[in-house]
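Let me begin by presenting the structure, written as structure tokens, before commenting on it.
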DNA sequence: GTTTTACTATTCATAATTGAATAGGGCATG
DNA sequence: CATGCCCTATTCAATTATGAATAGTAAAAC
């Protein structure tokens, strides 16, 4: 009979995926002793050895691996359940979890959401800023704002706009160093670029400028830090045009450069679309972000 | 995220199926307050009303019904998991749960299993006697002995034998009333038959004897009680021939009557076949029951 | 070779969950 | 109309599960 503690399954999956009790505990939001006890209890209940207690972690045995596939099915079922439940929620109050890129989550969304929380005091917002793609099926978030075309099935996606990028710097920097005349002139400036990522380098090379990472005298992988460095007058950076336009102390230049555009998408799972709370939030964000994108065109 | 208590789902399913907190608690082996709290907590967590608290029970709401289908999927996943786990158990010790018809569970299996428990002291036996067909997928039992051809998919079934039926009575009864000469002579005897079931009546009618339930002067729906009534010399009954032959005080007669035979099957789920414990028990039962069936042919 | 790091297992006080008991409400039966 | 039955909600003591702290181990980093 299926009358054992179903939570043990969750712990089992977590340990199997994380590879150690400690890591699993961190991921699941509980403590290492608890997870350890859960696994032991499950093994005792089933009369099966699931893990090889190894050096520096737990490793699945063969039978453990077999059982894991079934346990994963269970988790997927639970995920579907909670997804469906979220979609069935009645009323406008509750929590909405939004995931967005670092830049959007840090520089754009907070002020929008501040306005929103006045309009909808019953809705609580959780905002997570990450450039990692999240799994909406597993409800990492209810709504995701992403700068890439969504690929997952079962998603409802609305394209908000193509956000243009532009080179920019603060007035104070330009006053000191002058405004670059063309792309090659950029190399004579303090360029702010990426550290371990290399999309910017590849982009510049594609445009014909032969550069390596040392062309950038200030390097960071955080686009938010990059932005603040530009704001502080450190040098020249690349940023979303609507953001630049919003900032009186900044100037964009070289508009003729054929820089790529960022497609901005709002996505949510189709099963939560029916929730008035989530739908309301999504509609608000769509409108607000459309305005944000249009503000660049106007200037 | 799927980080709510998975056990709440089990309670939800139980209540939805049982129709009331109390019934669900009984079925699941816990208490009514606990189940009630689980349901409330789930509703609070999800922000959804699952049940209409009605008179004399809990009734699913529409959203509750929708969510139930997903919850049932989860339970099926859990069942598959525990099934697979049972099949993966190592070693010969543990519990084996056997389900059989009332008659077999009462009159035949106990002495076989007494012998078995001497051979395999490490194996604990749970024996449930019921004529209801059980769900091996949900692990109501590990092994089922049934007198009907199995229909469920995913089952491993072995036919043991066709058990012949025969009319019988005790020597003491026959000494008092004489042995019936033919089928129609039966009506002049004290016949032991069924109460609310009517398969015996239909059977006799199919043979050409026009009878209704009042043709039976002693009626019971329990085949075990019927057997004991025959043993006690109350009258004439219908029973499995191997059972009759085993009992020195009983005589069978009218062997020319074209009575149906009972096909006896041993079934188990294919996923538990690999468990040495269960396999050992099944093999023993198959051998012992084959002997039992053959004992009738020998005489 | 020493230090640091990441991990598991155990202990123990605390917090959370549980179930027996109880009160109360409808509904059927006598 | 009273009695019994089956149900739910609530209370409270006791059991159970939890996590902070700790000791110990093995590998990796310095």
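Chains as they are written, first to last, in the numbering used here: chain G, 2 to 300; chain Z, 2 to 300. From the three backbone atoms N, C-alpha and C, an ideal C-beta is built for every residue, glycine too.
Chain G within 8 Å of residue i, Cβ atoms only
| i | result |
| --- | --- |
| residue 93 (chain Z) | no |
| residue 8 (chain Z) | yes |
| residue 4 (chain Z) | yes |
| residue 1 (chain Z) | A query on residue 1 (chain Z) cannot be resolved here, the shown segment of chain Z reaching from 2 to 300 and no further. |
| residue 107 (chain Z) | no |
| residue 68 (chain Z) | yes |
| residue 270 (chain Z) | no |
| residue 85 (chain Z) | yes |
Rounded separation between residue i and residue j - CA only
| i | j | result |
| --- | --- | --- |
| residue 1 (chain G) | residue 12 (chain G) | Nothing can be reported for residue 1 (chain G), as the shown portion of chain G is limited to 2 through 300. |
| residue 226 (chain G) | residue 62 (chain G) | 45 Å |
| residue 137 (chain Z) | residue 7 (chain Z) | 23 Å |
| residue 273 (chain G) | residue 85 (chain G) | 7 Å |
| residue 60 (chain G) | residue 248 (chain G) | 53 Å |
| residue 81 (chain G) | residue 72 (chain Z) | 9 Å |
| residue 28 (chain G) | residue 55 (chain G) | 20 Å |
| residue 58 (chain Z) | residue 79 (chain G) | 26 Å |
| residue 101 (chain G) | residue 224 (chain G) | 13 Å |
| residue 171 (chain G) | residue 251 (chain G) | 4 Å |
| residue 220 (chain G) | residue 75 (chain G) | 45 Å |
| residue 133 (chain Z) | residue 95 (chain Z) | 25 Å |
| residue 123 (chain G) | residue 41 (chain Z) | 21 Å |
| residue 186 (chain Z) | residue 111 (chain Z) | 36 Å |
| residue 128 (chain Z) | residue 293 (chain Z) | 18 Å |
| residue 64 (chain G) | residue 126 (chain Z) | 25 Å |
| residue 48 (chain Z) | residue 31 (chain Z) | 25 Å |
| residue 184 (chain Z) | residue 210 (chain Z) | 8 Å |
| residue 23 (chain Z) | residue 39 (chain Z) | 13 Å |
| residue 246 (chain G) | residue 52 (chain Z) | 53 Å |
| residue 253 (chain G) | residue 190 (chain G) | 15 Å |
| residue 231 (chain Z) | residue 239 (chain Z) | 9 Å |
| residue 20 (chain Z) | residue 206 (chain Z) | 41 Å |
| residue 15 (chain Z) | residue 25 (chain Z) | 5 Å |
| residue 115 (chain G) | residue 275 (chain G) | 24 Å |
| residue 271 (chain G) | residue 87 (chain G) | 11 Å |
| residue 198 (chain Z) | residue 222 (chain Z) | 7 Å |
| residue 131 (chain G) | residue 46 (chain Z) | 26 Å |
| residue 135 (chain G) | residue 99 (chain G) | 11 Å |
| residue 295 (chain G) | residue 50 (chain Z) | 42 Å |
| residue 9 (chain Z) | residue 33 (chain Z) | 14 Å |
| residue 163 (chain Z) | residue 288 (chain Z) | 15 Å |
Cβ distance (whole Å) where residue i is taken to contact residue j below 8 Å
| i | j | result |
| --- | --- | --- |
| residue 217 (chain G) | residue 192 (chain G) | 5 Å |
| residue 146 (chain Z) | residue 286 (chain Z) | 7 Å |
| residue 268 (chain G) | residue 149 (chain G) | No, residue 268 (chain G) and residue 149 (chain G) are not in contact; Cβ-Cβ is about 10 Å, not under 8 Å. |
| residue 266 (chain G) | residue 159 (chain G) | 7 Å |
| residue 97 (chain Z) | residue 36 (chain Z) | Incorrect: roughly 29 Å between the Cβ atoms, too far for contact. |
Minimum Cβ-Cβ distance from residue i to chain Z less than 8 Å
| i | result |
| --- | --- |
| residue 61 (chain G) | no |
| residue 30 (chain G) | yes |
| residue 97 (chain G) | no |
| residue 90 (chain G) | yes |
| residue 81 (chain G) | yes |
| residue 180 (chain G) | no |
| residue 75 (chain G) | yes |
| residue 64 (chain G) | yes |
| residue 78 (chain G) | yes |
| residue 11 (chain G) | yes |
| residue 72 (chain G) | yes |
Tell me, please, whether the region 89-100 of chain G touches the region 101-116 of chain Z by the rule of three or more beta-carbon pairs shorter than 8 Å.
no
Cβ contact check for the region 166-181 of chain G and the region 277-295 of chain G: 3 or more pairs under 8 Å
no
Would you list, in sequence order, the uninterrupted alpha helix (DSSP H) runs of no fewer than 4 residues that lie entirely inside the region 236-283 of chain Z?
242-247
With three or more beta-carbon pairs closer than 8 Å as the criterion, would you say the region 253-261 of chain G touches the region 166-175 of chain G?
yes
I want to know whether the region 145-161 of chain Z touches the region 207-217 of chain Z - three or more CB-CB distances under 8 Å.
no
Kindly provide the ranges of any alpha helix (DSSP H) runs that are 4 or more residues long and lie completely inside the region 31-100 of chain Z, ordered along the chain.
33-47, 63-89
Could you tell me which uninterrupted beta strand (DSSP E) segments, each at least 3 residues in length, are contained entirely in the region 167-206 of chain G, listed from first to last along the chain?
none
If we require 4 or more residues per run, which alpha helix (DSSP H) segments fall completely within the region 206-236 of chain Z?
224-232
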